[in-house]
Amino acid sequence: MVALRCPAGRSVNLDVPPGHTVLSLTKNEVHILRSAGLCRETYMTYRCGRVALLGPPNAGKSTLLNAILGQKVTIVTPKPQTTRNQIVGIMTEEGVQAIFMDTPGLTQVRGRLSKAMIQAVWESLRQADVIMPVIDGNLYVRHSELLEKDLAPIAGVLARDERPMIVVINKIDLFSDKSLMLPLLERLQEMWPGAELYPASALLKDGLPDLRRLVANALPEASKEFPEDQISTAPVRFMAAETIREKLFLYLRQEVPYGVAVDIEGWEEIEETGQTLIQAVIYVAKPLHKAMVIGKGGGTIKKIGTEARKEIQELLEGKVHLELWVKVREHWTEDPSFLRDLGFFGETQ
Ligand SMILES: Nc1nc2c(ncn2[C@@H]2O[C@H](COP(=O)(O)OP(=O)(O)OP(=O)(O)O)[C@@H](O)[C@H]2O)c(=O)[nH]1
Ligand SMILES: [Mg+2]
Numbered sequence: 162m163v164a165l166r167c168p169a170g171r172s173v174n175l176d177v178p179p180g181h182t183v184l185s186l187t188k189n190e191v192h193i194l195r196s197a198g199l200c201r202e203t204y205m206t207y208r209c210g211r212v213a214l215l216g217p218p219n220a221g222k223s224t225l226l227n228a229i230l231g232q233k234v235t236i237v238t239p240k241p242q243t244t245r246n247q248i249v250g251i252m253t254e255e256g257v258q259a260i261f262m263d264t265p266g267l268t269q270v271r272g273r274l275s276k277a278m279i280q281a282v283w284e285s286l287r288q289a290d291v292i293m294p295v296i297d298g299n300l301y302v303r304h305s306e307l308l309e310k311d312l313a314p315i316a317g318v319l320a321r322d323e324r325p326m327i328v329v330i331n332k333i334d335l336f337s338d339k340s341l342m343l344p345l346l347e348r349l350q351e352m353w354p355g356a357e358l359y360p361a362s363a364l365l366k367d368g369l370p371d372l373r374r375l376v377a378n379a380l381p382e383a384s385k386e387f388p389e390d391q392i393s394t395a396p397v398r399f400m401a402a403e404t405i406r407e408k409l410f411l412y413l414r415q416e417v418p419y420g421v422a423v424d425i426e427g428w429e430e431i432e433e434t435g436q437t438l439i440q441a442v443i444y445v446a447k448p449l450h451k452a453m454v455i456g457k458g459g460g461t462i463k464k465i466g467t468e469a470r471k472e473i474q475e476l477l478e479g480k481v482h483l484e485l486w487v488k489v490r491e492h493w494t495e496d497p498s499f500l501r502d503l504g505f506f507g508e509t510q
């Protein structure tokens with residue numbers, strides 16, 4: 162085994178058979194010459210690293226991650242600030258493992274919950290080998306004046322960062338004249354001169370194979386961190402709670418979804434029925450919200466429960482009996498120990 166210096170300054174360990182010499186090194190390949198000079202061999206090196214998906218709320222970061230993986234690991238809703246924690250999704254392909262970190266949308270910090278959410282963004286950025294800002298291309302094509310303000314939290318920091326950066330300009334399915342994008346592309350290139358700009362539609366899964374390749378080439382040489390069949394690091398209990406929260410976001414209006422939290426309090430396999438009994442508590446911030454979650458004649462919570470149960474069954478590949486309770490817990494978004502119990506401050510990882 163010899164340790165080789167790669168052009169990018171990283172080292173790679175490789176078994177060079179006796180009687181062979183290293184001919185050249187490129188980003189992905191080590192060319193080796195047999196000493197007799199009769200035959201050239203190419204050894205692929207393994208690439209593995211972390212990719213931080215970050216950007217303004219509602220840009221499609223979570224949709225993009227699910228589309229890249231071809232499987233749902235993170236919840237998606239039309240409302241901003243859906244994602245609250247760092248969610249890890251793992252893509253493993255031949256010779257490559259990309260560990261994506263989905264993050265909450267970057268907004269102004271208002272209170273402890275949003276502080277914990279923003280902390281998850283900075284922590285993901287710190288861990289990243291590749292930085293992948295995701296922006297809503299359609300929004301900035303139509304309202305170019307919003308770009309600077311929305312990217313203000315990351316523009317300067319990323320301009321000084323030397324790590325590989327791929328900017329995904331998402332939602333390009335929403336306008337047919339693609340030349341409308343040119344001024345936006347120019348401004349992004351000025352802001353981040355070293356970045357690759359990549360227009361895509363996460364919703365239509367448009368352009369994803371090339372994006373996967375781009376990410377793979379930007380990753381450092383390293384051995385894989387996770388088994389090939391592992392798709393996420395989130396425990397199933399957390400994913401079940403997130404599924405319920407997604408349905409709450411979908412069925413509740415105004416400020417109500419932002420004040421809900423879901424905690425799984427019971428999880429039991431029932432031998433007689435072959436079902437998993439899941440008992441979850443939906444916390445709301447105000448007494449009035451409790452009535453809204455329950456709905457007229459219990460209609461809203463019934464719909465939420467039915468939708469969530471279906472999806473959790475798919476996740477667990479088995480029958481689920483889901484019991485939901487609603488409790489009022491005023492000011493929970495400001496309670497550090499409760500936030501910790503819910504998995505904030507990195508505890509889902
Ligand atoms: N038309 C269109 N809609 C998209 C696309 N990608 C995402 N969306 C929609 O945009 C909305 C927000 O998507 P999310 O994936 O939840 O966005 P996010 O960036 O994770 O949002 P936060 O977690 O709140 O920061 C959803 O309604 C998605 O269906 C896209 O390429 N085209
Ligand atoms: Mg999200």
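Okay, so the sequence shown: first residue is 162 according to this note's numbering, each after it adds one.
Note that CB positions come from ideal geometry on N, CA and C, so glycine has one too.
Span separating the alpha-carbon of residue i from that of residue j
| i | j | result |
| --- | --- | --- |
| LEU215 | GLY435 | 41 angstroms |
| ALA356 | GLY368 | 18 angstroms |
| ILE465 | PRO370 | 34 angstroms |
| GLU347 | ARG271 | 33 angstroms |
| HIS304 | GLN247 | 29 angstroms |
| PRO497 | PHE410 | 23 angstroms |
| GLU407 | VAL454 | 13 angstroms |
| GLU432 | ILE439 | 14 angstroms |
| TRP493 | ASP311 | 28 angstroms |
| ARG470 | THR206 | 43 angstroms |
| ALA377 | GLN258 | 8 angstroms |
| ALA383 | ALA289 | 14 angstroms |
| LYS291 | ALA446 | Inspection of the sequence shows that residue 291 is occupied by Val rather than by Lys. So the two alpha carbons sit approximately 37 angstroms from each other. |
| PRO396 | PRO344 | 43 angstroms |
| GLU495 | ARG501 | 11 angstroms |
| GLN269 | PRO217 | 10 angstroms |
| LEU308 | THR224 | 21 angstroms |
| MET326 | GLY317 | 14 angstroms |
Simplified DSSP assignment, three categories, for residue i
| i | result |
| --- | --- |
| THR437 | strand |
| PHE261 | strand |
| ASP322 | coil |
| HIS304 | coil |
| GLY272 | helix |
| ALA313 | helix |
| GLY427 | strand |
| ILE229 | helix |
| HIS492 | coil |
| THR394 | coil |
| ALA169 | For ALA169, the pLDDT reaches just 43, beneath the cut-off of 50, and the residue's location in the model is therefore unreliable, although a value from the coordinates is still provided. Coil at ALA169, not helix or strand. |
| GLU403 | helix |
| THR103 | Outside the displayed span of the chain (162 to 510) sits residue 103, for which this structure offers no information. |
| ASP502 | helix |
| PRO241 | coil |
| ILE330 | strand |
| GLY460 | helix |
| ILE248 | strand |
| TYR419 | helix |
| ALA213 | strand |
| TYR412 | helix |
| GLY292 | What sits at residue 292 in the sequence shown is Ile, not Gly. Note: ILE292 maps to strand in three-state DSSP. |
| VAL234 | coil |
| ALA267 | For clarity, residue 267 is Leu in the given sequence; the question names Ala instead. Correct three-state label for LEU267: coil. |
Closest Cα partner of residue i within the set the options
| i | options | result |
| --- | --- | --- |
| MET252 | LEU226, GLY420 and SER275 | LEU226 |
| ALA363 | VAL423, LEU483 and ILE333 | ILE333 |
| VAL489 | VAL423, LEU286, GLU309 and TYR412 | VAL423 |
| THR243 | LEU485, GLU495, GLY420 and PRO354 | GLY420 |
| PRO239 | GLY317, TYR412 and CYS209 | TYR412 |
| SER285 | GLN391, ASP263, GLY298 and ARG324 | ASP263 |
| PHE261 | GLU468, GLY298 and THR235 | THR235 |
| GLY250 | VAL257, PRO265, VAL237 and LYS233 | LYS233 |
| PRO354 | VAL481, GLN415, SER340 and ASP322 | ASP322 |
| PRO448 | GLU429, GLU475, GLU426 and VAL417 | VAL417 |
| LEU485 | ALA401, THR268, LEU358 and ARG414 | ALA401 |
| PHE336 | ALA320, TYR301 and PRO325 | TYR301 |
| ILE473 | VAL318, ARG398, GLU426 and ALA446 | ARG398 |
| LEU514 | GLY221, GLY210 and VAL212 | Given a span of 162 to 510 for the chain in the structure shown, any question on residue 514 remains unanswerable. |
| THR404 | ARG208, ARG245, HIS450 and GLN269 | ARG245 |
| ALA228 | GLU254, ARG373 and GLU351 | ARG373 |
| TYR444 | PHE499, PRO217 and LEU380 | PHE499 |
| LEU476 | ARG324, LYS385, ILE315 and THR437 | THR437 |
| ILE315 | GLY256, VAL481, VAL295 and LYS451 | VAL295 |
| MET293 | GLU255, ALA379, LEU230 and GLN280 | ALA379 |
| GLY427 | VAL481, ILE462 and PHE387 | VAL481 |
| THR467 | GLY256, LEU483 and LEU358 | LEU483 |
| GLU389 | LYS463, LEU230, GLY460 and ALA281 | LEU230 |
Beta carbon proximity, residue i to chain B, threshold 9 angstroms
| i | result |
| --- | --- |
| VAL282 | This model lacks chain B altogether; it includes just one protein chain. |
* Where the beta carbon is closer than 6 angstroms to any heavy atom of ligand 1, which residues qualify, in chain order? -> Sorted by position in the chain, PRO218, ASN219, ALA220, GLY221, LYS222, SER223, THR224, VAL237, THR238, PRO239, PRO241, GLN242, THR243, THR244, PRO265, GLY266, ASN331, LYS332, ASP334, LEU335, SER362, ALA363 and LEU364 make up the residues whose C-beta lies under 6 angstroms from a heavy atom of ligand 1.
* Could I get the ranges of all uninterrupted alpha helix (DSSP H) runs contained in the stretch 336 to 391, with 4 residues as the minimum, in chain order? => If one requires a minimum length of 4 residues, the alpha helix (DSSP H) runs lying completely within the stretch 336 to 391 are 343 to 352 and 369 to 379, in chain order.
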